[in-house]
Amino acid sequence: MSLLSDSDLKEIHKKIIDSTIKNCGQFYNARILEAIKMRWIKIYEQKLRNKVDLHSKKYIHI
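Numbering (full-length UniProt numbering), first residue to last: 1 to 62.
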């Protein structure tokens, strides 16, 4: 269980993505960085969906 709220986690993930792009921008093509950003976003969204699914299953079984 996380000590941070979902909105806090989302903000942290956004900061990680943005700082990665800023710090690595000199080394990579902008299209590659955008693809990395989109992949991080998809991973995070899947993680949130899985979290919601787990919570809904808990409530169904109770």
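Even glycine gets a Cβ: it sits at the ideal position worked out from N, Cα and C.
Being a predicted model, the structure only gives us computed values, none of them experimental.
- request: Would you kindly report the start and end of the unbroken alpha helix (DSSP H) that includes residue 23?
  value: Run containing residue 23: 6-24, per the alpha helix (DSSP H) assignment.
- prompt: By Cβ distance, which residues of its chain are closer than 6 Å to residue 13, with the 5 residues on each side in sequence left out?
  reply: 44
query: Cα-Cα, which of 53, 26, 24, 18 is closest to residue 40?
result: Ranking the options by Cα distance to residue 40, first place goes to 18.
As assigned by DSSP and simplified to three states, the class of residue 50: helix
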